[in-house]
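Quick note, the sequences are listed as chains L and D, same order. Residue numbers for the first sequence, in the numbering used here: 127 to 447. Residue numbers for the second sequence, in the numbering used here: -8 to 275. Note that beta-carbon positions come from the ideal geometry of N, C-alpha and C, so glycine has one too.
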Amino acid sequence: MKKIFFTSAALVLLILTVIVFKHSKKATSSSLYTLGILQTASHPALDAVKTGFIEELDMLIGKKVEYIIYNAQGSPAQAQAAAMQIHAQKQYSAFFAIATPAAQALSAVEKKRPIILAAVTDPTALGLTGPHNNITGVTDMVDVTKIIDVITQLIPAAQKVGIVYTSGEINSVIMVKKMKAELESRGLIGLEYGMSSEADMYSVVESACRNVDVLLTPTDNTVASSITALASLALKYKKPLIVTDTLLINAGPLAACGVDYKESGKQAARLAYGLLVHTQLPHELAFKSAESTQIFINENSLKHLALTIPDTLHNEIVLVK
Amino acid sequence: MNELIQLLQSIIERGLLFGSLVGAVYLASRVIRLDNLSIEGAFGIGGAVTALLVTKSYDPWIALLGATLVGGISGSIMGLLATKLRINPIISGIVVTTGLFSIILKVAGSNLPLIGKATIFTSSTSLFENYGPLIILAIVCGFVFTTISWFLKTEIGFLLFAVGENPQMLVNVGKNVDGYVILGLALSNMLAALSGALFVHHAGYFSIWTSVGMLIIGLAGMILAETIAASFGTALLIGSILYQIIITLTFELQVDQEWNKLITALLIVVLIALKQALPRKQLS
């Protein structure tokens, strides 16, 4: 038993030493600005936002920024814990929150220093916009009209569109409502297929494939995580899959049109540049949207589904293998 | 130094927020000795109900009370499933949590911000500034824990312990075991719902995803509390605070963020191993 006691005590001492060492290292670093990044979860779209942000900001300011990254691993409670922790530290000049839980957690505790957010679909609905607050950022709301245009032109015979999303994600719910309204205004039938987690994905998508002509997804975390399986299911049933996150095109959907998450990060970086270097105030910087005007089409899926690209869309299309 | 104080303050606040959750797990696992898997659902419905009431401009304390009562109802339902329908308690808990997911979405949606509405902490911040929430939480937790501690020492409380330790004794004395199981689960879920409601008041918004993983926080907090004392009381609050210290330490280490969960797991093991080794050292 003595061995356990001494090993544990040694571990605790080691941990404390590492922490003290890291803190003293921060004090002597030569960077001009320290930025706290709070990322909601580990998945490709949010990782792309972070990478785009860091790359662009480093290019604009020239490697004079130190980034301290916190990842809440998908838990709003963890996001809140991280937010309270970084709020308590005075070294940060500004904060970058990626996705809704991080944005809500940070904005609840930090009222003075500027917060830039990204990958939040409707900040106004969440109470994050305001004439005098410290928040600005990049939304990932898409142009729903354009996406439905793509569907009607690529697959003119489509009658029923199945929208696959996660019922618990507020961003998706907001987008799904808009998509359904737009579909109905065009005389198409929009059917909702809401899953509660990745585990439901197979059954929900198979059910959708048996009932609809086209599958459509909003920018949704669960969809992004399970895109490989989703896309192969869609191809198996020979149903065109349209996604709104351009990053996912390589996984096999027919078309991707909407948000480029890496570009989101870059736009957020430009806002950060304005905040840090030009010392603009957050409420002077308007929220940007991260839309990509290009329509990406996966060539393999196109061949598999035996569809052709109509002339009307030719100019905007980018073919991807 | 000021930073350290603020950090400690936020750790204690969060520890108190989840203290009731740890109490809920204790009531289920240690008093009536049933695995209560509906705790996550209760945490969620507590948050949802309080968010709904606050956004409809009800008095925030009424919102808190309402949430706690609804939690109690969810516990009673689980109790009824387990006793009257003789459904295995684990399945009863899972069934209640699953059903509650849909009910929560209908009550509050997946995300409900309390924009501009008064919470139980709003008035305190004008009186005590940054320490307001901590003081209110300490008062609420103090009140709740003292009441339940006292209750567990009454005759009904004693019989609740008997449900877990020696149900046969209850039958011999002519008491209704089922009734006490339902009471125990109702109390457990009331505490879980209270914790969920307090979290919403503190965070300023409700998110259905917050309740995922709450069972682990409750269980870990309870096990850590038991390294201090085995009875219902401040030990549970300290256990919850200890878990928050571990989460904070994990973030402080600032390693590749993907290791976070493994580090948390290791720190829990270290802390328990440390405590386990101590008393034996004294005996030998």
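query	result
From Pro51(D) to Tyr122(D), what does the alpha carbon distance come to, in whole angstroms?	19 Å
Any contact between the segment 429 to 439 of chain L and the segment 292 to 311 of chain L? By contact I mean 3 or more CB pairs, one from each, below 8 Å.	no
Could you give the uninterrupted runs of the beta strand (DSSP E) lying entirely in the segment 85 to 115 of chain D, keeping only those of 3 residues or more?	102 to 104
Measure the CB-CB distance between Gly38(D) and Ala220(D) and report whether it falls below 8 Å.	no
Going along the segment 195 to 208 of chain D in order, which residues come within less than 8 Å of chain L, judged by CB to CB distance?	Gly195, Tyr196, Ser198, Ile199, Trp200, Thr201, Val203, Gly204, Met205 and Ile208
Answer yes or no: does any C-beta atom of chain L fall closer than 8 Å to that of Ser101(D)?	yes
What distance in whole Å lies between the Cβ atoms of Glu4(D) and Leu125(D), which are believed to be in contact at a cut-off of 8 Å?	5 Å
Tell me whether Leu411(L) sits in a helix, a strand or coil according to DSSP, three-state version.	coil
Expressed to the nearest angstrom, what Euclidean distance is found between the alpha-carbon atoms of Ile82(D) and Tyr218(L)?	47 Å
Taking beta-carbon pairs under 8 Å, can you tell me which members of the segment 223 to 256 of chain D lie near chain L?	Gln235, Ile238, Thr239, Leu240, Phe242, Glu243, Leu244, Gln245, Gln248, Glu249, Asn251 and Lys252
Determine whether the Cβ of Val13(D) lies closer than 8 Å to any Cβ atom of chain L.	no
With distances taken between CB atoms, is the gap from Leu172(L) to Ile224(L) smaller than 8 Å?	yes
What are the start and end residues of the beta strand (DSSP E) that includes Gly384(L)?	Ala381 to Val385
Could one say the Cβ of Leu161(L) lies closer than 8 Å to chain D's Cβ atoms, at least one of them?	no
Nearest-angstrom Cα distance between Ser233(L) and Ala394(L)?	16 Å
For the beta strand (DSSP E) that contains Val264(L), what are its first and last residues?	Ile261 to Thr265
By the DSSP assignment, the beta strand (DSSP E) with Ile219(D) in it spans what residues?	No beta strand (DSSP E) holds Ile219(D); DSSP gives it neither H nor E.
At a CB-CB cut-off below 7 Å, which residues of chain D make contact with Ser168(L)?	Glu249
Could you give the residue range of the beta strand (DSSP E) that holds Ala223(L)?	Ala220 to Ile224
Met301(L) to Ser65(D), Cα distance in whole Å?	32 Å
Nearest-angstrom Cα distance between Pro282(L) and Leu210(D)?	55 Å
Is Glu217(D) close to chain L, meaning its C-beta is less than 8 Å from at least one C-beta of that chain?	no
Just by C-beta distance, which residues in the segment 215 to 226 of chain L are closer than 8 Å to chain D?	Gln215, Lys216 and Thr226
Listing by chain order, which chain L residues have their CB less than 8 Å from the CB of Ser20(D)?	Per Cβ cutoff of 8 Å: no residues; Ser20(D) is ~21 Å from chain L at best.
Could you tell me which whole beta strand (DSSP E) segments of length 3 or greater appear in the segment 176 to 242 of chain D?	196 to 198
To the nearest whole angstrom, what separates the beta carbons of Ala381(L) and Ile423(L), a pair I think is in contact under 8 Å?	5 Å
Would you call Asn251(D) buried or exposed, if buried means 16 or more other Cβ atoms sit within 10 Å of its Cβ?	buried
Under 6 Å Cβ to Cβ from Ser275(D), same chain only, skipping five residues before and after it: list those, please.	Reliability fails at Ser275(D), whose pLDDT of 41 lies under 50, so the model's placement of it is uncertain and the value that follows must be treated cautiously. Excluding positions up to five away in sequence, the list is empty.
With contact counted as at least three CB pairs below 8 Å, one residue from each stretch, are the segment 195 to 202 of chain D and the segment 254 to 265 of chain L in contact?	no
State the DSSP-derived secondary structure class of Phe179(L), mapped to helix, strand or coil.	helix
Rounded to whole angstroms, what is the Cα-Cα separation between Lys272(D) and Glu217(D)?	In this prediction, Lys272(D) scores a pLDDT of 43, lower than 50, which makes its location untrustworthy; the coordinate-derived value is nonetheless stated afterwards. One C-alpha to the other measures close to 18 Å.
Using a Cβ-Cβ distance under 8 Å, would Tyr399(L) count as near chain D?	no
If I measure Cβ to Cβ from Gly57(D) and keep anything under 6 Å in the same chain, skipping five residues before and after, which residues do I get?	Val40 and Leu44
Enumerate, from N- to C-terminal direction, the unbroken beta strand (DSSP E) stretches of 3 or more residues contained entirely within the segment 206 to 250 of chain L.	220 to 224 and 241 to 246
So Thr354(L) is in the alpha helix (DSSP H); what residue range does that whole segment cover?	Ile353 to Lys362
Kindly indicate which residue of Gln248(D), Val135(D) and His193(D) has the alpha-carbon position closest to the one of Leu227(D).	Val135(D)
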